[in-house]
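Novice: At position 34 of the sequence shown the residue is numbered 70 (my numbering), and the sequence of numbers has no breaks.
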Amino acid sequence: MESDPDFERFMPRPDVRERFEITVRAPAALVMAEARDFDLQSLRVVHAIFGLREWLMGASPAAPRASRRLFEEMRSLGWGVLVEEPDRLLICGAACQPWLADVRFRAIAPERFADYAEPDQVKIAWTLEAIPLGPQRTRFAQETRVVATDDAARAKFRRYWGWARFGIIGIRLLLLPALRRAAERRWAAQRARTTQDGP
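1. Out of 135, 62, 182 and 65, state which residue places its alpha-carbon closest to the alpha-carbon of residue 44.
2. Using a Cβ distance threshold of 8 angstroms, determine whether the segment 106-118 contacts the segment 79-90, with at least three qualifying pairs required.
3. Between the alpha carbons of residue 227 and residue 79, how many angstroms are there, rounded?
4. Excluding sequence positions up to five away, which residues of its chain have a Cβ less than 6 angstroms from the Cβ of residue 120?
5. Could you give the DSSP three-state label for residue 33: helix, strand or coil?
6. Where does residue 81 land, buried or exposed, given buried means 16+ other C-beta within 10 angstroms?
7. If you reduce the DSSP assignment to three classes, tell me which class residue 117 lands in.
8. Would you kindly work out how many angstroms separate the C-alpha atoms of residue 75 and residue 164, rounded to a whole number?
9. Between the C-alpha atoms of residue 64 and residue 220, what's the straight-line distance to the nearest angstrom?
10. In the structure shown, what three-state DSSP assignment does residue 163 receive?
11. Does DSSP put residue 106 in a helix, a strand or coil?
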């Protein structure tokens, strides 16, 4: 499970690395479009995981939200774009203090991300990757990396990650098969329309 080379220049030695891959029977461009547009909280279990974190951390209750696309929602939360290659790769990143109840994400310019070292922070970067395996087959990958800017932040993050990782990894394990189902349905519908509209 190799990372994209672009990821290495932003965070070559992470404290945490989680990578998940799945094969999808659909073209890479369609899979990437579906990933960017996916409404993560449409999955009820994911919504419940976010609610559980709020309860455990004593966070302010989240306001009711309308359906929102994944990429659009992450940008609204403060994530910045580090790399974007249409139809193939998206890398986003931010600095934050995830051990706080109400987390605030702060975007960092791509040219500053690798060297960013403000104290008591962690840097998080994540990817959406659509790697073509053929005209109608794609390997989709999602990777998240985290690195602390100092030892104090690393200790705080490790205590947080000790329990929070189960929910975060659970979200990824729910996202990938749901995304595969959505992309394959969309591709099947497109092919059916093409057949109906054929010569």
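Glycine included, C-beta positions come from ideal geometry on N, C-alpha and C. Predicted, not measured: the structure shown is a model, and the values here were computed from it.
Specialist: Quick look at the numbers:
1. Locating residue 44 in the sequence shown gives position 8, counting from the first residue. When only C-alpha atoms are compared, the closest one is 182.
2. no
3. Position 191 of the sequence shown holds residue 227. Position 43 of the sequence shown holds residue 79. So the two alpha carbons sit approximately 26 angstroms from each other.
4. For the purposes of this step, residue 120 is taken as the residue at position 84 of the sequence shown. Excluding sequence neighbours, residue 120 sits near 126.
5. Since the displayed the chain opens at 37 and closes at 235, residue 33 lies outside it and no answer follows.
6. Counting from one through the sequence shown, the residue named residue 81 turns up at place 45. It counts as exposed.
7. Taking the first residue of the sequence shown as position 1, residue 117 is located at position 81. In this structure, residue 117 counts as strand in the three-state DSSP scheme.
8. The count along the sequence shown starts at 1 and reaches residue 75 at position 39. The count along the sequence shown starts at 1 and reaches residue 164 at position 128. The alpha-carbon atoms of residue 75 and residue 164 are separated by roughly 14 angstroms.
9. Your numbering for residue 64 matches position 28 in the sequence shown. Your numbering for residue 220 matches position 184 in the sequence shown. Spanning the two alpha carbons is a distance of roughly 11 angstroms.
10. Taking the sequence shown and counting its residues from 1, one reaches residue 163 at position 127. If DSSP states are grouped into helix, strand and coil, residue 163 belongs with the strands.
11. Taking the first residue of the sequence shown as 1, we reach residue 106 at position 70. Looking at residue 106 - three-state DSSP - the assignment turns out to be helix.
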